[in-house]
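One structure is given below, encoded as structure tokens.
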Amino acid sequence: MRSLPAAIVRVLTLVSASPSTSSKPVALLVLLGLLVSFEWSVPGPVASAVEVSAGSLPEHERKAMKELVAAFDRAEQAVQKGDVEALMPFYAPAYNYHGLKRSDVGRVWGEVFAHYGAVSSKHVFTEVKLAQAGGVSKAYVTCTGGLYGTEKQTGKPVTIDSWVREIHYLVKEKGAWRFYGNAGGTDPSAPVASAPHHPLF
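Add 7 to a position in the sequence shown, counting from 1, and you land on the number used in my numbering.
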């Protein structure tokens, strides 16, 4: 649960301490506005896009988790700048999410940045599984989070995308972790046009 901002705490203190009953309705209206603004505000850019709630991890998993968090934080910097070109190195050449390929995800991000400003994301990692196959390091990261922004036409803050306990599937290529797609595989019967637009998977 988030703590109350100092402005709200200050108004609460003034309302409770004030002996005057005539000033309380105005103070209460101000307090209500602050509370609504605080409760419904969309998360803005943060120093780190990732929180880890995975508990204690073995040493090799802790090292991998640090690398994964750093990769997501670098991607977040590109997201906040609205820079598609800077984002694309975080996607493996063989990226495939329900039929969406690397070029498709570049188009999706272009559409996101065209329609929304102040874009940012948040990820909460709750589990990480590491694997080795054919000399390739793979990571399956269970994540809950969201992609947020402000509509350019209306200025309204919105949630562009959200997910609960989805799995980021990444591979380590040339010393860097890259998005590879979804861990559940690709449904060959689903046309690309109908694929969900989850640019962070």
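For each residue, glycine too, the CB sits at the ideal point set by N, CA and C.
Length of the line joining the Cα atoms of residue i and residue j
i      : j      : result
LEU94  : ALA85  : 6 Å
GLY106 : GLY113 : 14 Å
VAL171 : THR149 : 9 Å
PRO100 : GLU158 : 31 Å
SER144 : GLU68  : 12 Å
PHE186 : ILE174 : 11 Å
VAL119 : GLU180 : 27 Å
ALA140 : SER110 : 26 Å
LYS163 : LEU154 : 14 Å
GLY108 : GLY142 : Note on residue identity: the sequence assigns Lys, not Gly, to residue 108. Taking the straight line from one Cα to the other gives about 23 Å.
SER169 : THR161 : 21 Å
One or two residues paired with residue i in a DSSP bridge
i      : result
PHE186 : TYR98, LEU177
GLU158 : TYR123
LEU107 : TYR104
GLU66  : Bridge partners of GLU66: none, in fact.
VAL59  : PHE132
ASP90  : Answer is none; ASP90 lacks a bridge partner.
ASP80  : Partner(s): none; ASP80 has no beta bridge.
Sequence-distant residues of the same chain with beta carbon closer than 7 Å to residue i, five excluded per side
i      : result
GLY82  : The sequence shown places Ala at residue 82, not Gly. Result list for ALA82: LEU94, PHE97, in chain order.
ARG89  : Reading off the sequence shown, one finds Gly at residue 89, where the question assumed Arg. Result list for GLY89: PHE120, VAL126, in chain order.
GLU74  : TRP184
ALA219 : In this structure the chain extends from 8 to 208, so residue 219 is not present and cannot be described.
Own chain partners of residue i with C-beta closer than 8 Å, once the 5 adjacent residues on each side are dropped
i      : result
VAL76  : SER55, VAL57, VAL59, PHE132
TYR123 : GLY156, THR157, GLU158, LYS159, VAL165, ILE167
Own chain partners of residue i with C-beta closer than 6 Å, once the 5 adjacent residues on each side are dropped
i      : result
GLY188 : TYR102, ASN103, TYR104, TYR176
VAL49  : Low confidence applies here, because VAL49 scores a pLDDT of 39, under 50, leaving its location unreliable; read the following figure in that light. So the list reads TYR155, PRO164, once near-sequence residues are dropped.
ALA78  : TRP184
Cβ-Cβ separation, residue j to residue i (assumed contact under 8 Å), whole Å
i      : j      : result
GLY152 : LYS129 : 5 Å
ALA183 : ALA71  : Between ALA71 and ALA183 the Cβ distance is about 12 Å, and since that is not below 8 Å, they are no contact.
VAL91  : GLY117 : 5 Å
Original post:
Unbroken beta strand (DSSP E) runs of length 3 or more, entirely within the stretch 114-153: which are they?
Top reply: 123-140
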